[in-house]
Amino acid sequence: EAQVTQNPRYLITVTGKKLTVTCSQNMNHEYMSWYRQDPGLGLRQIYYSMNVEVTDKGDVPEGYKVSRKEKRNFPLILESPSPNQTSLYFCASRPTGRFYEQYFGPGTRLTVT
Amino acid sequence: GDSVTQMEGPVTLSEEAFLTINCTYTATGYPSLFWYVQYPGEGLQLLLKATKADDKGSNKGFEATYRKETTSFHLEKGSVQVSDSAVYFCALPHSGGGADGLTFGKGTHLIIQP
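These protein sequence lines map, in sequence, to chains D and R.
To convert, note that position 62 of the first sequence is 110 in the working numbering; the numbers rise steadily by one, no gaps.
To convert, note that position 114 of the second sequence is 239 in the working numbering; the numbers rise steadily by one, no gaps.
Following this line, the structure appears as structure tokens:
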């Protein structure tokens, strides 16, 4: 089954404790993105990647890092989480040339206390 | 920059009612337009799209027509069901530079009561 998986689905952590949210897709897509979803703000793109070792900032990259060492994986790293990063996070991937056909993961709900 | 505006809701309707969710956009030129749907506890999925002006996208009984004169892409359904309860997002492609991905509206929460 074609899918985007994220782990963990739920995470509660404390300020300053480094964490990683994993994302993996099995569709051989080149493009992958991370979004955060907040009430009243909708979805905003954090980072995106057009291929292995090629990443770039989205609209709200501050406080986040990403890496793309393999085509299928695109982890999101919070080196020093803060409460304003409490949010619902989505990973997405898409096939080359079909920029609208985004496949989203199920989401990771992160709470930073 | 490009942006999307849609009613946030919640919009509450009875089963079999007619649905309209408004979406207007601000963009340079005539970008493709999309509606995504997010069911409870799930990620977003593409519902329908229109790639040029006057196109009509349709899927699962939903329709939306790309109207460049009014820069709108309103979502409609003639008879909603309880299973249509979800959050609906209007979107257009990121613009400029090498940006990838979509710019989303804030989402409209739709609640259908039996």
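C-beta atoms are modelled at their ideal positions from N, C-alpha and C, and glycine is treated no differently.
Do you know how far the Cα of residue j is from the Cα of residue i?
{"i": "R/Leu235", "j": "R/Glu140", "result": "12 angstroms"}
{"i": "D/Lys121", "j": "D/Val114", "result": "For the sequence presented, residue 121 of chain D should be read as Asn rather than Lys. Taking the straight line from one Cα to the other gives about 10 angstroms."}
{"i": "R/Thr195", "j": "R/Tyr150", "result": "9 angstroms"}
{"i": "D/Val108", "j": "D/Val62", "result": "21 angstroms"}
{"i": "R/Arg192", "j": "D/Lys65", "result": "49 angstroms"}
{"i": "D/Tyr112", "j": "D/Ile125", "result": "6 angstroms"}
{"i": "R/Gly232", "j": "D/Pro123", "result": "26 angstroms"}
{"i": "D/Arg157", "j": "D/Arg57", "result": "6 angstroms"}
{"i": "D/Pro129", "j": "R/Gln206", "result": "41 angstroms"}
{"i": "D/Gln51", "j": "D/Gln150", "result": "11 angstroms"}
{"i": "R/Thr190", "j": "R/Phe198", "result": "6 angstroms"}
{"i": "D/Lys119", "j": "R/Lys185", "result": "33 angstroms"}
{"i": "D/Gly90", "j": "R/Val212", "result": "10 angstroms"}
{"i": "D/Ser72", "j": "D/Asn55", "result": "9 angstroms"}
{"i": "R/Leu172", "j": "R/Thr137", "result": "20 angstroms"}
{"i": "R/Met132", "j": "R/Asn147", "result": "6 angstroms"}
{"i": "D/Val69", "j": "D/Gly106", "result": "17 angstroms"}
Got a sec? Which residues, its chain only, sit under 6 angstroms from residue i by beta carbon, not counting five neighbours each side?
{"i": "R/Pro135", "result": "His234, Ile236"}
{"i": "D/Thr159", "result": "Ile60, Thr134"}
{"i": "R/Pro156", "result": "Leu217, Pro218"}
{"i": "R/Thr176", "result": "Ser157"}
{"i": "R/Leu169", "result": "Tyr161, Gln163"}
{"i": "D/Val100", "result": "Arg116, Lys119"}
{"i": "D/Glu127", "result": "Lys66"}
Let me know if residue i comes out buried or exposed under the rule of 16 or more other beta-carbons within 10 Å of its beta-carbon.
{"i": "D/Ser81", "result": "buried"}
{"i": "D/Gly153", "result": "buried"}
{"i": "D/Ser141", "result": "buried"}
{"i": "D/Lys117", "result": "exposed"}
{"i": "R/Thr145", "result": "exposed"}
{"i": "R/Gly182", "result": "buried"}
{"i": "R/Val129", "result": "buried"}
{"i": "R/Phe143", "result": "exposed"}
{"i": "R/Ser208", "result": "exposed"}
Show which residues of chain R have a CB atom less than 9 angstroms away from the CB atom of residue i.
{"i": "D/Pro143", "result": "Simply none; closest approach about 12 angstroms."}
{"i": "D/Gly64", "result": "In chain order: nothing, as chain R lies at least about 29 angstroms away."}
Please compile the residues from chain R whose C-beta is within a distance smaller than 7 angstroms of the C-beta of residue i.
{"i": "D/Pro154", "result": "Glu167, Gly168"}
{"i": "D/Gln73", "result": "Simply none; closest approach about 12 angstroms."}
Residues of chain D with CB closer than 9 angstroms to the CB of residue i, please, in chain order.
{"i": "R/Ser183", "result": "Those do not exist, as R/Ser183 stays about 15 angstroms from chain D at its closest Cβ, beyond 9 angstroms."}
Just confirm the distance between the C-beta atoms of residue i and residue j, as a whole number of angstroms; I'd bet it's less than 8 angstroms.
{"i": "R/Phe187", "j": "R/Glu201", "result": "7 angstroms"}
{"i": "D/Asp104", "j": "D/Tyr95", "result": "7 angstroms"}
{"i": "D/Gln93", "j": "R/Gly126", "result": "With a Cβ gap of about 12 angstroms, D/Gln93 and R/Gly126 do not count as contacting."}
Which residues in chain R sit within 8 angstroms of residue i, going by Cβ to Cβ distance?
{"i": "D/Leu89", "result": "Lys231"}
{"i": "D/Phe122", "result": "The premise fails here: D/Phe122 is roughly 12 angstroms from chain R at the closest Cβ pair, so nothing lies under 8 angstroms."}
{"i": "D/Glu149", "result": "Leu171"}
Just to confirm my understanding: we take residue i, look at its own chain, exclude 5 residues before and 5 after, and list those with CB closer than 7 angstroms. What are they?
{"i": "R/Gly223", "result": "At R/Gly223 the pLDDT is 48, less than 50, meaning the model places this residue with poor confidence; the figure from the coordinates comes in the next sentence. Excluding residues within five positions, none has a Cβ falling inside 7 angstroms."}
Give me the chain D residues within the contact set of residue i, using Cβ-Cβ distance strictly less than 8 angstroms, ordered along the chain.
{"i": "R/Leu173", "result": "Within chain D, no residue comes near R/Leu173; the closest Cβ sits about 10 angstroms away, beyond 8 angstroms."}
So, for residue i: in the same chain, excluding its five sequence neighbours on each side, which residues have a beta-carbon less than 8 angstroms away from its beta-carbon?
{"i": "R/Asp179", "result": "Thr190, Tyr191, Arg192, Lys193"}
Can we count residue i as close to the ligand SAH, meaning its CB is less than 7 angstroms from some heavy atom?
{"i": "R/Gln131", "result": "In terms of ligand content, the structure shown is empty, and the ligand SAH therefore cannot be addressed."}
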